[in-house]
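Colleague: Next up is a structure, given as structure tokens.
Number of protein chains: 2
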Amino acid sequence: MNTDGDLKKEKLLGKSFIFDALDDQARQELANFSYVKRYAAGDKIFTMGEPGQSMMAIAEGTVRVTMFTPSDREVTLNDLQAGDVFGEIAMLDGQERSANVKALTNCTLVVLERRALLDVLQRNPILSVRLIELLCQRVRRSDERMIEIAFLDLPARLAKLLLRLTVAPPASEEKPLAKLSQSQSELASMIGNTRENVNRCLRKWQKAELINLQDGWLIIRDRDRLEALAHGE
Amino acid sequence: MNTDGDLKKEKLLGKSFIFDALDDQARQELANFSYVKRYAAGDKIFTMGEPGQSMMAIAEGTVRVTMFTPSDREVTLNDLQAGDVFGEIAMLDGQERSANVKALTNCTLVVLERRALLDVLQRNPILSVRLIELLCQRVRRSDERMIEIAFLDLPARLAKLLLRLTVAPPASEEKPLAKLSQSQSELASMIGNTRENVNRCLRKWQKAELINLQDGWLIIRDRDRLEALAHGE
DNA sequence: CAACGCTAGTGACAACAATCACACGTTCTG
DNA sequence: CAGAACGTGTGATTGTTGTCACTAGCGTTG
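Sequence lines, in order, name chains A and B. Residue numbers for the first sequence follow the working numbering, beginning at 36 and rising by one. Residue numbers for the second sequence follow the working numbering, beginning at 36 and rising by one.
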């Protein structure tokens, strides 16, 4: 509401690579047009099919992007962290939201309305370039994921998932994590498969000493062989 | 090379909805920077992994976009017609081409280099908006396709494909086509499945009087029931 | 016309995954 | 502390799909 709040929003927006190329004035403009919204863990942020007129940048917390399959199973498409943005597509083309997003932890989001962004867009060609880059990235990721889902078997997809979940976020230090705490059901929902099959696969890998399963943790022991599995044997 | 050639390119570029919002001057600029290239049926236009520095708009002909799966099977992602553009992604972000494209018929393409477009982009904010729209569309289509592949069974995907192949192109009249001539192997490669299974499925549909198979043609008899199948029973 | 290539049709079998069913432990909670 | 809720480990069954094998028709071409 005041200068202090705006400063904070500017900083939060700066965390997203989309906006870090803007000059101070443009960032200030964006901050003026945007607002901060908080969600508690478990809250729905938006739902598939709703008209979407805004995008969100995550300042704090984690959100989960999901969809329901035709057979009504919920699958997790992605978990997003601070610095990530979501809802861009619906905002940019003014169409329906194409997924569900809910807060996994308490979250602080910076919300940007369609009208506001279009406005700033007009005066800042650099911002369009950033958006175009973002979208290209999205297209590439989607296409890749599509091929994976269509043509890799469960072990390969699961291996890919484990690797993806354990790369260090760009912000932090370099070394990949070795432990994860996701439940097997969660893993299953992320690769569009069942808990049972994920379990059987993980067991096999434990026997083969690729991973360790200990009191709820999954520990990666042989990253290289997982990489090999991820590329179809 | 001369005014005549440029006029032609302008017209060809105008066929793509991306460029039809430009004013004459901008279109003229683009025409100056672009060039026409012809390919014979069967020619490779570009290959996955190559560095990509240009995009193409189809003026005449049909091209096929394919990929190789990890297990080395070639799948058809899409067939594109006059007015469609391809190669945008690699051009826009300067990364590798993410698919193979080959000419299905003799083709006339208008090629636009990355540098040229970036140049025009700077002076024509409207063009960025168009590109952003195009990319949004791409993202939505990819995501949709991903879900389809992951969670619909063969009959549903095949039904979807048949419906997609028989909607009239936006340019032509309204009524959906009823006949197609794609071979069953082609259909299989478009839905990431085998010819044998496509065949079995089509046979069943013929018995159920959903379609007719006659001397190489596939004739749709009951579009409504196909629509039903396409949405998971 | 014989040989070849391409498309279509179909049966047999194996591999994989979905589903159901159940047992076991932990942790949370009334 | 009892019981619910959840995560985990596994077996049995069933259905779908991929692979292989073989047959057959049709058109091109040498």
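Note that CB positions come from ideal geometry on N, CA and C, so glycine has one too.
Within the continuous alpha helix (DSSP H) that includes Ile53 (chain A), where are the two ends?
Modeller: Following the DSSP letters along the chain, one finds Ile53 (chain A) in no alpha helix (DSSP H), marked with neither H nor E.
Colleague: Kindly give me the distance between the Cβ atoms of Ala138 (chain A) and Ile53 (chain A), rounded to whole angstroms, as I take these residues to be in contact under 8 Å.
Modeller: 21 Å between Cβ atoms; not a contact.
Colleague: Where DSSP assigns a beta bridge to Cys236 (chain B), which residues make up the other side?
Modeller: Beta-bridge pairing links Cys236 (chain B) to no other residue.
Colleague: Kindly list the residues whose CB is nearer than 7 Å to the CB of Ala75 (chain A), restricted to its own chain and excluding five residues on each side of it in sequence; keep chain order.
Modeller: Ala138, Asn141
Colleague: What three-state label does DSSP hand Ser177 (chain B) in the structure shown?
Modeller: Here DSSP, grouped into helix, strand and coil, assigns Ser177 (chain B) to helix.
Colleague: Specify whether the segment 176 to 188 of chain A and the segment 91 to 101 of chain A touch according to this definition: at least 3 beta carbon pairs, one from each stretch, less than 8 Å apart.
Modeller: no
Colleague: What separation, rounded to the nearest whole angstrom, lies between the Cα atoms of Glu183 (chain A) and Ser163 (chain B)?
Modeller: CA-to-CA, the gap between Glu183 (chain A) and Ser163 (chain B) works out to about 31 Å.
Colleague: Using only the alpha-carbon positions, how far apart do Lys239 (chain A) and Ala134 (chain A) sit?
Modeller: Each residue's Cα considered, the two are about 34 Å apart.
Colleague: Under DSSP, the beta strand (DSSP E) around Ala138 (chain B) begins and ends at which residues?
Modeller: 135 to 138
Colleague: Determine, for Thr104 (chain B), whether the minimum Cβ-Cβ distance to residues of chain A falls below 8 Å.
Modeller: yes
Colleague: Does the segment 141 to 155 of chain A come close enough to the segment 108 to 116 of chain B that 3 or more CB-CB pairs lie under 8 Å?
Modeller: no
Colleague: Does Cys171 (chain B) have its Cβ less than 8 Å from a Cβ in chain A?
Modeller: yes
Colleague: Would Gly227 (chain B) pass as an interface residue toward chain A - the criterion being a Cβ-Cβ separation below 8 Å?
Modeller: With 8 Å as the cut-off, Gly227 (chain B) counts as an interface residue toward chain A.
Colleague: By DSSP, does Ser69 (chain A) sit in helix, in strand, or in coil?
Modeller: DSSP places Ser69 (chain A) in the coil class of the three-state scheme, outside both helix and strand.
Colleague: What does Val100 (chain A) touch in chain B if you count any residue whose Cβ is under 9 Å from its own?
Modeller: Within chain B, no residue comes near Val100 (chain A); the closest Cβ sits about 11 Å away, beyond 9 Å.
Colleague: By Cβ distance below 7 Å, which residues in the same chain neighbour Asp119 (chain B) in space, the five residues on each side in sequence not counted?
Modeller: Take Asp119 (chain B), set aside five residues on each side of it, and the residues of its chain with a beta-carbon closer than 7 Å to its own are Ile93, in chain order.
Colleague: Along the segment 154 to 180 of chain B, where does the CB come closer than 7 Å to a CB of chain A? Name the residues.
Modeller: Gln157, Pro160, Ser163, Leu166, Ile167, Glu168, Leu170, Cys171, Arg173, Val174, Arg175, Ser177, Asp178, Arg180
Colleague: Run through DSSP, which three-state label would Ala94 (chain B) get?
Modeller: In this structure, Ala94 (chain B) counts as strand in the three-state DSSP scheme.
Colleague: Mind checking the segment 114 to 135 of chain B against chain A and listing, in chain order, the residues whose C-beta falls within less than 9 Å of any C-beta there?
Modeller: Glu123, Ile124, Ala125, Leu127, Asp128, Gln130, Ser133, Ala134
Colleague: Between Leu187 (chain B) and chain A, is there a C-beta pair that is closer than 8 Å?
Modeller: yes
Colleague: Using only CA atoms, which one of B:Asn232, B:Leu222, B:Arg260 lies nearest to Trp4 (chain B)?
Modeller: Examination of residue 4 (chain B) is not possible in this model, given that chain B is present from 36 through 268 alone.
Colleague: Can you give me the Cβ contacts of Phe103 (chain A) inside the same chain, cut-off strictly under 6 Å, excluding the 5 residues immediately before and after it?
Modeller: Glu109
Colleague: Counting only C-beta atoms, is Ile182 (chain B) closer than 8 Å to chain A at any point?
Modeller: yes
Colleague: Distance check for Glu64 (chain A) and Ser89 (chain A), CA to CA, integer angstroms please.
Modeller: 16 Å
Colleague: If you draw a straight line from the C-alpha of Lys46 (chain A) to the C-alpha of Asp55 (chain B), how long is it?
Modeller: Going from the Cα of Lys46 (chain A) to the Cα of Asp55 (chain B) covers about 39 Å.
Colleague: Which partner residues does Thr270 (chain B) have in the DSSP bridge list?
Modeller: Nothing about residue 270 (chain B) can be reported from this structure: the residues present for chain B run from 36 to 268 only.
Colleague: So, under 8 Å CB-CB, Ser69 (chain B) and Val145 (chain B) are touching, yes? Tell me the CB distance rounded to an integer number of Å.
Modeller: 5 Å
Colleague: May I ask you to report which of helix, strand or coil DSSP gives Arg105 (chain A)?
Modeller: The identity of residue 105 (chain A) in the sequence shown is Pro, whereas the question assumes Arg. Pro105 (chain A) falls in the coil class under three-state DSSP.
Colleague: Do the CB positions of Ile167 (chain A) and Leu127 (chain B) come within less than 8 Å of each other?
Modeller: yes
Colleague: For Val71 (chain B), count the other beta carbons within 10 Å of its own beta carbon; 16 or more makes it buried, fewer makes it exposed. Which is it?
Modeller: exposed
Colleague: What do you get for Lys44 (chain B), buried or exposed, if any count of 16 or more other CB atoms within 10 angstroms of its CB means buried?
Modeller: buried
Colleague: One question on the structure: do Leu261 (chain A) and Ile255 (chain A) come within less than 8 Å of each other, judged by their Cβ atoms?
Modeller: yes
Colleague: Determine the direct distance from the alpha carbon of Ser218 (chain A) to that of Asn232 (chain A), and round the result to whole angstroms.
Modeller: 13 Å
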